[in-house]
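Below is one structure; the comments refer to it alone.
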C-alpha cells in the first residue's frame, strides 16, 4: 500500500467488543494526535524545497450509531439515547412494543406557524406542537458535564451518579484529551452507508413480510392505534 493511502489502524485482541474499554486501545492514537497538534511532524515541501513542521487535527469521527455511543460515551440505547437532545429528549416507551420511540419529535424543529404543528390527524392524534427547538449543548457545556467522570484508563469503571435518570454518560471519553475537542462544533458523525442499509432492510423486510424481520407486527399495530388516528 502506498504511503499516502495508509490508514490509522487499531488492533483489538480477541473477538469480544471492547465497549467502554475502547479508550485503552485508543491511547496510542490519541497521544500521536496530541503531538501532531502541539508539536507537529517534520514534512518536506516539494514546491518550496524545504522542510516545515506540519500540524494536524482530528475533525470528527465517522461511524454507525452503536460506535457513536462507544466514542462519545453517551449510551445510545433506551430512553435518552439521542446524543444531541440528551436530557431534553421527547422520547417515550411504546405501550406494546416496549421500545423507545421518537415519533413526532421532529415537529418541534419546524418554524412557528407551520401547518404541520397544528395537524392533529396526520401525526400524534389530538396534539398541537407548541414546543420550540430544544437547546443544543456546545463543547464547553458537554465538557463541564463529563470532566469529573472516571476514565476507562486510570480508574475502574462504574456508571457515574445520575446515569439513566439525569444523563446517559458512561464515562469520560479519551477524545477529551485532545486540546481542541471542546471547540469542535461536530465531534462525531453518523455513517450514511449504515443508515441507508438499515432503513432499506426494514422497509424491504416489512413490505415482503419476511418472517421474524418485518416491523408490521401485532404489537406495532396496537401502538399505532393508540398514537395515531
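In the UniProt record's numbering, the protein residues as written are 1 to 229.
Note that CB positions come from ideal geometry on N, CA and C, so glycine has one too.
Quantities reported herein were computed from a predicted structural model and do not represent experimental measurements.
Name the two residues that bound the continuous alpha helix (DSSP H) containing residue 193. One-based indexing of the chain shown puts residue 193 at position 193. From DSSP, the alpha helix (DSSP H) with residue 193 extends over 192-207.
Which parts of the region 108-196 are runs of the beta strand (DSSP E), unbroken and 3 residues or longer, counting only runs that do not cross its ends? List check, beta strand (DSSP E) in window: 188-190.
Here's a check: name, in chain order, each residue in its chain whose Cβ is nearer than 7 Å to the Cβ of residue 220, leaving out the five neighbours to either side. Translated into the one-based positions of the chain shown, residue 220 becomes position 220. Sequence-distant Cβ neighbours of residue 220 in its own chain, meaning closer than 7 Å and more than five residues away, are 97.
Do residue 149 and residue 133 have their C-beta atoms within less than 7 Å of each other? Position 149 of the chain shown, counted from the start, is the residue given in the question as residue 149. Position 133 of the chain shown, counted from the start, is the residue given in the question as residue 133. No.
Can you tell me where the alpha helix (DSSP H) holding residue 68 begins and where it ends? As a position in the chain shown, residue 68 is number 68, starting the count at 1. Per DSSP, the unbroken alpha helix (DSSP H) holding residue 68 starts and ends at 65-72.
Proximity below 7 Å, CB of residue 82 to CB of residue 92: As a first step, residue 82 must be located in the chain shown, where it is residue number 82. As a first step, residue 92 must be located in the chain shown, where it is residue number 92. Cβ atoms of residue 82 and residue 92: not closer than 7 Å.
Please state if the CB of residue 72 and the CB of residue 188 are separated by a distance shorter than 7 Å. Taking the first residue of the chain shown as position 1, residue 188 is located at position 188. Taking the first residue of the chain shown as position 1, residue 72 is located at position 72. For residue 188 and residue 72, yes; Cβs fall inside 7 Å.
I need the DSSP call for residue 93, collapsed to helix, strand or coil. By 1-based counting over the chain shown, the position of residue 93 is 93. DSSP places residue 93 in strand when its eight states are reduced to three.
With burial defined as no fewer than 16 other Cβ atoms inside 10 Å of the residue's Cβ, what is the status of residue 179: buried or exposed? Along the chain shown, one-based indexing puts residue 179 at 179. Exposed: under 16 other Cβ atoms inside 10 Å.
Between residue 185 and residue 211, what straight-line distance do the alpha-carbon atoms span, to the nearest angstrom? Here residue 185 corresponds to residue number 185 of the chain shown, with the count starting at 1. Here residue 211 corresponds to residue number 211 of the chain shown, with the count starting at 1. C-alpha separation (whole angstroms): 43 Å.
Which first and last residues belong to the alpha helix (DSSP H) in which residue 220 is found? As a first step, residue 220 is located in the chain shown; it is residue number 220 there, counting from the start. Residues 218-227.
When the Cα atoms are used, what is the spatial distance from residue 88 to residue 165? For the purposes of this step, residue 88 is taken as residue 88 along the chain shown, with counting starting at 1. For the purposes of this step, residue 165 is taken as residue 165 along the chain shown, with counting starting at 1. One alpha carbon belongs to residue 88, the other to residue 165, and they sit about 12 Å apart.
C-alpha distance - residue 213 paired with residue 99, whole-angstrom precision: For the purposes of this step, residue 213 is taken as residue 213 along the chain shown, with counting starting at 1. For the purposes of this step, residue 99 is taken as residue 99 along the chain shown, with counting starting at 1. Distance between the alpha carbons of residue 213 and residue 99: 16 Å.
CA-CA distance, residue 177 and residue 30? Locating residue 177 in the chain shown gives position 177, where the first residue counts as 1. Locating residue 30 in the chain shown gives position 30, where the first residue counts as 1. In this structure, the CA atom of residue 177 is about 7 Å from the CA atom of residue 30.
Alpha carbon of residue 63 to alpha carbon of residue 70, nearest angstrom: Residue mapping note: residue 63 aligns to position 63 of the chain shown, counting from 1. Residue mapping note: residue 70 aligns to position 70 of the chain shown, counting from 1. When only Cα atoms are considered, residue 63 and residue 70 end up about 10 Å apart.
Classify residue 26 as buried or exposed, calling it buried when 16 or more other Cβ atoms lie within 10 Å of its own Cβ. Counting from one through the chain shown, the residue named residue 26 turns up at place 26. So residue 26 counts as buried.
For the beta strand (DSSP E) holding residue 25, just list the boundary residues, first then last. Position 25 of the chain shown, counting from 1, holds the residue named residue 25. Note, residue 25: premise wrong, no beta strand (DSSP E); alpha helix (DSSP H) at 22-38.
Please tell me whether residue 74 and residue 172 are closer than 7 Å, where the distance is taken between their beta carbons. Looking up residue 74 in the chain shown gives position 74. Looking up residue 172 in the chain shown gives position 172. Residue 74 is not a Cβ neighbour of residue 172, given a cutoff of 7 Å.
Pairwise C-alpha distance: residue 152 and residue 161: Position 161 of the chain shown holds residue 161. Position 152 of the chain shown holds residue 152. Here the C-alpha atom of residue 161 lies approximately 16 Å from the C-alpha atom of residue 152.
Rounded to whole angstroms, what is the Cα-Cα separation between residue 228 and residue 203? Here residue 228 is taken as the residue at index 228 of the chain shown, counted from 1. Here residue 203 is taken as the residue at index 203 of the chain shown, counted from 1. Looking at the two C-alpha atoms, the distance is approximately 20 Å.
Counting C-beta neighbours from all protein chains within 10 Å, is the total for residue 140 16 or more, i.e. buried, or is it exposed? Against the chain shown, residue 140 aligns to sequence position 140. Exposed is the label assigned to residue 140, since fewer than 16 other Cβ atoms lie within 10 Å of its Cβ.
If you run the structure through DSSP and keep just helix, strand and coil, what is residue 86? On the chain shown, position 86 is the one that residue 86 refers to. The answer is helix: DSSP assigns residue 86 an H, G or I state.
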